[in-house]
Amino acid sequence: MRTEQRTARPARTWMGRPWVWVLAVAALFSLVQLPSAPGNFYPDSTEYLTQVYGMLGDSRAEGRDRAIRAFCDQYRHKSLVLDPVGFDAKAGAKAAGNCVKRLHAQDDQGPETRYGPAITRGASIPSSRYEDIFLSRPGVAVLYLPGVVAFGPRAGMWLTTLAWTLLGGVLVFLLLRRLGVAPGVAVLGQVLYLILPIRVWTMAPLSEGITLGLLMTCLLGAVYLLTGDRRRGLALLGAGFAVGTFVKYSQFLLFAAALAGVLAVVVLVRRRRAGGGADGAATLIGVSVAAAAAMFLVSKLLGWPGTADTMQDLLTNHFREPDVADPLGGWLRTNLDFWRSWLAEQLQEPFLLVAWAAGAWGVIRFHRPAGYVVFAALLAGLANQIGHPNVTQGSRIYIAAWLLAVYGIPLLLHTLLTRRPPDVLTERQPVEPVTEVIPRQSGPAPAPDTWRSPAGGE
């Protein structure tokens, strides 16, 4: 009896291709965002917008006027007002005009600021120390600039946030696929990123969507490095940390420190249990430590706000009041109040805690160093919240902590479905094609084909 071997190439329609589903999810998400477009403006949005106009060559007065008009324009739109019932277009136009007059009346306040006092719905913030917080994030304005030039302030910033949110979903898919997760489950990770409560902040014209996208770029680079693709991993890590330094350096400094800490613990535990460490872990630890040191040095050289400024901003109502004598004590008391309130709220509506628990379970079941790096995002988010215990914006400040659920839940689902950790695909371990062995026999009726999986089962 002779045998012949041939490569099995199962037919796959375009509907069966993973990227078709990734693009379909992105398109559907974009469509459902249209009713709320171009979105509302926040006071922080105008801080970045004034920088954009400064980069375009506008004078301080011109840039401030354009930012004020973009901010006040939301009063003209029924979909953007807080209470649209009984909305009157004439009343909206009048409210927008009054907003412009009120904010221009504050132009002379805060003479030490570059762009004038902060543009807010209430009392002004004339302190240059508050403005310095946003001037330390020039990368945000740079990334918003093309959209503002092409589509105007409102539509341009909204389209930029949409692009970064969609990019974030794609990065989730890529990371999960690199970890060996099935395509359908990886698409689930993309969907989770787009529908979980983080969407409220990633789609706002702020820095959160950009920050989260760059953090996931670093995570993907870490996973590539740990799974054998050193060149691509270092490129993604370098790009993510380099751009992130000028987007929100404090968040990326915390993330770099957390990444180094998590990998150090994983390597130590694995060495004690199995006598060996993870491939690429030492390199990743070194890159993370070097990135954290570089960001700290850059922030000091450029005079960006530090921990003391953050505490005073928190305790003086954005520098409207005199500095407190004991910022550390006030910061500790505020943290106690915040976490007590936060825990009570989460226990009453435990969606976040359940999502974190499921995500942590998935990462632990995966039991690979490349999966444990997701814990760094959780630690960085919680550390950022500890530094800014603001009750009114908690979910925004610890937004990076949601990534544990975004990545961990698909990992949990995959390991439950397969009853084993997914295989990590690396360039050193190419996927072998499935083959079939067809016995050739004599006789009128050929033997039935027998397909065998790589594991040997029928």
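Numbering-wise (this note's numbering), the sequence shown opens with residue 13 and increments by one. C-beta atoms are modelled at their ideal positions from N, C-alpha and C, and glycine is treated no differently.
Ile421 - partner residues in DSSP beta bridges
Sequence index remark: in the sequence shown, residue 421 carries index 409 (1-based). Note: Ile421 sits in no beta bridge, so no partner.
Ile137 (DSSP reduced to helix, strand or coil):
Counted from its first residue, the sequence shown places residue 137 at position 125. Residue state, collapsed to three classes: strand.
Do you know how far the Cα of Pro195 is from the Cα of Asp321?
Along the sequence shown, read from residue 1 onward, the residue named residue 321 stands at position 309. Along the sequence shown, read from residue 1 onward, the residue named residue 195 stands at position 183. C-alpha of Asp321 to C-alpha of Pro195: approximately 46 Å in a straight line.
Would you kindly check if the distance between the Cβ of Ile145 and the Cβ of Trp176 is under 8 Å?
For this step, residue 176 is matched to residue 164 along the sequence shown. For this step, residue 145 is matched to residue 133 along the sequence shown. No, they are not a contact pair.
For the candidate residues Asn329, Pro55, Pro401, whose alpha-carbon lies nearest to that of Arg76?
Here the question's residue 76 lines up with position 64 in the sequence shown. Of Asn329, Pro55, Pro401, the residue nearest in Cα terms is Pro55.
Taking DSSP as the reference, what is the three-state secondary structure of Ala194?
Within the sequence shown, residue 194 is the residue found at index 182, counting from 1. Coil at Ala194, not helix or strand.
Just list the alpha helix (DSSP H) runs in the region 293-372, keeping only unbroken ones of 4 residues or longer that don't cross its boundaries, in chain order.
Listed in chain order, the alpha helix (DSSP H) elements of length 4 or more contained wholly in the region 293-372 are 293-313, 319-327, 339-360.
Mapping the DSSP letters down to three states, classify Gly128 as helix, strand or coil.
For the purposes of this step, residue 128 is identified with residue 116 of the sequence shown, where counting begins at 1. Three-state result, Gly128: coil.
Is it true that the CB of Leu231 sits closer than 8 Å to the CB of Ala389?
Here the question's residue 389 lines up with position 377 in the sequence shown. Here the question's residue 231 lines up with position 219 in the sequence shown. Yes; because the gap between Cβ atoms is below 8 Å, this pair is in contact.
Got a sec? Which residues, its chain only, sit under 7 Å from Tyr384 by beta carbon, not counting five neighbours each side?
Counting from one through the sequence shown, the residue named residue 384 turns up at place 372. Answer for Tyr384: Val274, Val278, Val375, listed in chain order.
Any non-hydrogen atom of the ligand COA closer than 7 Å to Ala167 Cβ
For the structure depicted, the ligand COA is absent and the ligand set is empty, with no information on it obtainable.
Val386 and Leu415 look like a contact to me (Cβ under 8 Å); what is the Cβ gap, rounded to whole Å?
Taking the first residue of the sequence shown as position 1, residue 386 is located at position 374. Taking the first residue of the sequence shown as position 1, residue 415 is located at position 403. Right, the Cβ-Cβ distance comes to about 6 Å (below 8 Å), so this counts as a contact.
Arg211, enclosing alpha helix (DSSP H) - first and last residue:
Taking the sequence shown and counting its residues from 1, one reaches residue 211 at position 199. Per DSSP, Arg211 is one residue of the alpha helix (DSSP H) stretching across 211-214.
Let me see if you follow: with CB-CB separation under 8 Å, is Leu249 close to chain D or not?
No chain D is part of this structure, which consists of one protein chain only.
Would you mind working out which of Gly342, Trp351, Ala413, Leu191 sits nearest Trp368, comparing C-alpha positions?
Translated into positions along the sequence shown, residue 368 becomes position 356. Nearest neighbour of Trp368 by Cα position, chosen from Gly342, Trp351, Ala413, Leu191, turns out to be Ala413.
Secondary structure, alpha helix (DSSP H): runs of 4+ residues fully inside the region 40-112:
The region 40-112 contains these whole alpha helix (DSSP H) runs: 55-67, 72-84.
With Leu397 as the anchor, note down where its alpha helix (DSSP H) starts and where it stops.
Within the sequence shown, the letter at position 385 stands for residue 397. One detail in the question is off: residue 397 reads as Gln in this sequence, not Leu. For Gln397, the enclosing alpha helix (DSSP H) begins and ends at 386-399.
Mark Gln405 as exposed unless 16 or more other C-beta atoms lie within 10 angstroms of its C-beta, in which case mark it buried.
By one-based count along the sequence shown, residue 405 stands at place 393. Gln405 is exposed by the Cβ-count criterion.
Apply the 10 Å Cβ neighbour rule to Asn396 and answer buried if 16 or more other Cβ atoms are within range, or exposed otherwise.
Numbered from 1 along the sequence shown, position 384 holds the residue referred to as residue 396. Burial state of Asn396 is buried, judged by a 10 Å Cβ sphere holding 16 or more other Cβ atoms.
Exposed or buried, which one is Trp31 when buried takes at least 16 other CB atoms within 10 Å?
For this step, residue 31 is matched to residue 19 along the sequence shown. Exposed, since its Cβ has fewer than 16 Cβ neighbours within 10 Å.
Pair within 8 Å by beta-carbon distance, Val112 and Ile80
Locating residue 112 in the sequence shown gives position 100, where the first residue counts as 1. Locating residue 80 in the sequence shown gives position 68, where the first residue counts as 1. Yes, these two residues count as a Cβ contact at 8 Å.
His116 (DSSP reduced to helix, strand or coil):
On the sequence shown, position 104 is the one that residue 116 refers to. His116 carries a helical assignment under DSSP once its states are collapsed to helix, strand and coil.
Between which two residues does the alpha helix (DSSP H) carrying Thr229 extend?
As a working mapping, residue 229 is identified with position 217 in the sequence shown. Residues 220-238.
By Cβ distance below 6 Å, which residues in the same chain neighbour Ser136 in space, the five residues on each side in sequence not counted?
In the sequence shown, the residue the question calls residue 136 occupies position 124. Around Ser136: Gln118, Gln121, Pro129.
8 Å Cβ cutoff met for Ile131 and Phe163
Taking the sequence shown and counting its residues from 1, one reaches residue 131 at position 119. Taking the sequence shown and counting its residues from 1, one reaches residue 163 at position 151. In this structure, Phe163 does not lie closer than 8 Å to Ile131 by Cβ.
Locate the alpha helix (DSSP H) running through Ala162, then write down its first and last residues.
Locating residue 162 in the sequence shown gives position 150, where the first residue counts as 1. Where Ala162 is concerned, the enclosing alpha helix (DSSP H) stretches over 150-163.
Just how far apart, CA to CA, sit Ser71 and Phe267?
Your numbering for residue 71 matches position 59 in the sequence shown. Your numbering for residue 267 matches position 255 in the sequence shown. Going by the C-alpha atoms only, they are around 36 Å apart.
Within 8 Å, do at least three Cβ pairs link the region 45-65 to the region 211-228?
Because the criterion of three Cβ pairs below 8 Å is met, the region 211-228 and the region 45-65 touch.
Helix, strand or coil for Tyr410? Go by DSSP, reduced to three states.
One-based indexing of the sequence shown puts residue 410 at position 398. It is coil, neither helix nor strand.
Considering Cα atoms alone, identify which of Leu428, Ala304, Pro422, Thr430 is closest to Ala198.
On the sequence shown, residue 198 is found 186 positions in, with the first residue counted as 1. Across the set Leu428, Ala304, Pro422, Thr430, the C-alpha of Pro422 shows the shortest separation from the C-alpha of Ala198.
Please state whether DSSP places Pro30 in a helix, a strand or coil.
By 1-based counting over the sequence shown, the position of residue 30 is 18. If DSSP states are grouped into helix, strand and coil, Pro30 belongs with the helices.
Is Leu326 buried or exposed, if buried means 16 or more other CB atoms sit within 10 Å of its CB?
Residue mapping note: residue 326 aligns to position 314 of the sequence shown, counting from 1. Result: buried.
Using beta-carbon positions only, say whether Leu296 and Leu348 come within less than 8 Å of one another.
Here residue 296 refers to the residue found at position 284 of the sequence shown. Here residue 348 refers to the residue found at position 336 of the sequence shown. Contact flag unset, no.
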